[in-house]
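Visitor: Take this structure, written in structure tokens, and hold onto it; I'll ask about it next.
In our numbering, the protein residues as written are 82 to 455.
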């Protein structure tokens, strides 16, 4: 998209986007006027084997109006793709959980050194604990009457605020792609195709070029009138759309079909990714399994099931009262970007902090019974 945007801008504003074959009596200034007028006023396409319609309305119906707007259209598409990212950056840190900074610290290359890695884990576990405690404290001790009456003002303090914002961003990306696919159809005015990309692909597969379909033509016609001695004289000239002549293989059509194929691929990938994150974030069972699996990696490797049986209720309490929904999302992000082992060490550090704050939940090793505070 960047290549198409830069090239379109260069031709549109840095060169001659349209050149016309004018009558011999036209001077250089007349030719320049004709080309500027036709570029601004739009051109129309008629197959070379057909006669030019006499009816002016028929010519206007055949007009092609999107060429001069291609760079701006691509710029709008690029901006639309930035909106979900912008919303995420503006809203995700409101709860106190600076997820981007956490991931950045977790992925620092210096973490390969043992001492530096220990300090990073300690800092991250302390920050995550403070942020999660801040969420709980802010929710339970809201002093402002407005916040007590209108609960929506407290959304950033909810235990699932960051998770909700992340899932909302996923939805925005999918909706953004669908919007762009619809905009491509509307922008190119492809009435012949209910779905633009599939129609153009069918044309390309069956060898139907622009000379037959009229999509992205290189040669068009332009009508304009000039006053000569008080009379209006109408001229019809043949023009070449330079923006569509990168080479001889209909590149304009291929650029947009590549964009459409890229959007389609992104739609499938983004939809699957959205469904995946919804499935692992919405259900408590998946969050519990994730935390338990990482805690098991820190237990005795010879007795992995011992941890599961003895501490299941304790892990449940750890998940519901300490980590909660956003805490698990933070751990998933660390696992995704920094690796499973680093996430396991962070989980273990948070687990130890939890145990130090809840000594009543410690295991009695002699009896192997869980003393769980109810």
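Where a beta carbon is used, it is the ideal one built from N, C-alpha and C, also for glycine. Since this is a predicted model, take the numbers as computed values, not measurements.
Which two residues bound the contiguous beta strand (DSSP E) that contains residue 425?
Guide: Counting along the chain, residue 425 falls outside any beta strand (DSSP E), though it belongs to the alpha helix (DSSP H) covering 421–438.
Visitor: State the start and end residues of the unbroken beta strand (DSSP E) segment that holds residue 378.
Guide: Where residue 378 is concerned, there is no enclosing beta strand (DSSP E), given that its DSSP letter is neither H nor E.
Visitor: Closest to residue 206 by C-alpha separation, out of 183, 191, 188, 192, would be which residue?
Guide: Closest by alpha carbon: 183.
Visitor: Can you name the residues that DSSP bridges to residue 101?
Guide: According to DSSP, residue 101 bridges with 320.
Visitor: With three or more C-beta pairs closer than 8 Å as the rule, is the stretch 398–415 touching the stretch 365–381?
Guide: Counting Cβ pairs under 8 Å, three or more are found: they touch.
Visitor: Please work out which residues of its chain come closer than 8 Å, Cβ to Cβ, to residue 241, disregarding the five sequence neighbours upstream and downstream, and give them in chain order.
Guide: So the qualifying residues of the chain are 405, 406, 407.
Visitor: Please report the distance separating the alpha-carbon of residue 418 from that of residue 424.
Guide: Each residue's Cα considered, the two are about 9 Å apart.
Visitor: With DSSP run on the structure shown, which of helix, strand or coil describes residue 305?
Guide: Reduced to three states, the DSSP call for residue 305 is strand.
Visitor: Applying the criterion that 16 or more other CB atoms from any shown protein chain within 10 Å of the CB defines a buried residue, is residue 416 buried or exposed?
Guide: Classification of residue 416: buried, given that the 10 Å Cβ count is 16 or more.
Visitor: Could you tell me the distance, in whole angstroms, from the CA atom of residue 193 to the CA atom of residue 344?
Guide: Taking the straight line from one Cα to the other gives about 38 Å.
Visitor: Apply the 10 Å Cβ neighbour rule to residue 152 and answer buried if 16 or more other Cβ atoms are within range, or exposed otherwise.
Guide: Burial call: buried.
Visitor: Would you kindly work out how many angstroms separate the C-alpha atoms of residue 455 and residue 354, rounded to a whole number?
Guide: With a pLDDT of only 35 at residue 455, under the threshold of 50, the placement of this residue in the model should not be trusted; the figure read from the coordinates follows. Their backbone Cα atoms lie some 38 Å apart in a straight line.
Visitor: Distance, Cα to Cα, residue 319 vs residue 304?
Guide: Each residue's alpha carbon lies about 9 Å from the other.
Visitor: Output the distance between the C-alpha atoms of residue 315 and residue 309, rounded to the nearest integer angstrom.
Guide: Spanning the two alpha carbons is a distance of roughly 10 Å.
Visitor: Do residue 322 and residue 148 have their C-beta atoms closer together than 8 Å?
Guide: Yes. Within cutoff.
Visitor: May I ask you to report which of helix, strand or coil DSSP gives residue 413?
Guide: Of the three classes helix, strand and coil, the one that applies to residue 413 here is helix, per DSSP.
Visitor: Please classify residue 306 as buried or exposed, where buried requires at least 16 neighbouring CB atoms within 10 angstroms.
Guide: Exposed, by the Cβ-count rule.
Visitor: Pop quiz: residue 456 and residue 180 are said to be a contact at Cβ under 8 Å. What is the actual Cβ separation, rounded to whole angstroms?
Guide: This structure does not reach residue 456, given that the chain is present from 82 up to 455, and the question cannot be answered.
Visitor: For residue 131, which option in 312, 301, 413 has the closest C-alpha, if you only look at C-alpha atoms?
Guide: Nearest of 312, 301, 413 to residue 131, Cα basis: 301.
Visitor: Please return the same chain residues whose Cβ sits closer than 8 Å to the Cβ of residue 259, not counting the five positions on each side in sequence.
Guide: Only 348 meet the Cβ criterion.
Visitor: Between residue 204 and residue 286, what straight-line distance do the alpha-carbon atoms span, to the nearest angstrom?
Guide: Their Cα atoms are separated by approximately 58 Å.
Visitor: In three-state DSSP terms, what is residue 124?
Guide: Correct three-state label for residue 124: strand.
Visitor: In three-state terms, what does DSSP make of residue 314?
Guide: DSSP places residue 314 in strand when its eight states are reduced to three.
Visitor: Within its chain, find whatever has a CB closer than 7 Å to the CB of residue 215; leave out the 5 residues flanking it on each side and keep chain order.
Guide: Contacts found: 177.
Visitor: Starting from the C-beta of residue 428, find all residues in its chain whose C-beta is less than 8 Å away, skip the five residues before and the five after it, and write them out in chain order.
Guide: These residues qualify, in order along the chain: 372, 375, 376, 379, 412.
Visitor: Between which residues of its own chain and residue 543 is the CB-CB distance below 6 Å, once the five residues before and five after are set aside?
Guide: Outside the shown range of the chain (82 to 455) lies residue 543, about which nothing can therefore be said.
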